[in-house]
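**Q** In this note's numbering, the protein residues as written are 4 to 53.
C-beta: ideal position from N, C-alpha, C; glycine also.
This is the structure I want to talk about, given as structure tokens.
As structure tokens, this is what we get:
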């Protein structure tokens, strides 16, 4: 869900809260374990591709 929120343009703070994570570091740990990159890296790649 957080990945979708980031892709749709939400900030990392918004994605963290909306996806139900306790804090941004919790999201980052989960994200790196699942996707192999940080949410910030994904957001930067999306912004760079736009």
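#1: Report the CB separation of residue 5 from residue 30 in whole angstroms; it is logged as a contact under 8 angstroms.
#2: Alpha carbon to alpha carbon, what distance is there between residue 12 and residue 48?
#3: Can you tell me whether residue 19 is buried or exposed, with buried defined as 16 or more other CB within 10 angstroms of its CB?
#4: Which of the three DSSP states is assigned to residue 51 in this structure?
#5: Looking at residue 8 and residue 25, is the spacing between their C-beta atoms short of 8 angstroms?
**A** In terms of the structure at hand:
#1: With a Cβ gap of about 6 angstroms, residue 5 and residue 30 count as contacting.
#2: Roughly 12 angstroms separates the two Cα atoms.
#3: It is buried - the Cβ of residue 19 has at least 16 other Cβ atoms within 10 Å.
#4: Helix.
#5: In this structure, residue 25 keeps its C-beta atom at 8 angstroms or more from the C-beta atom of residue 8.
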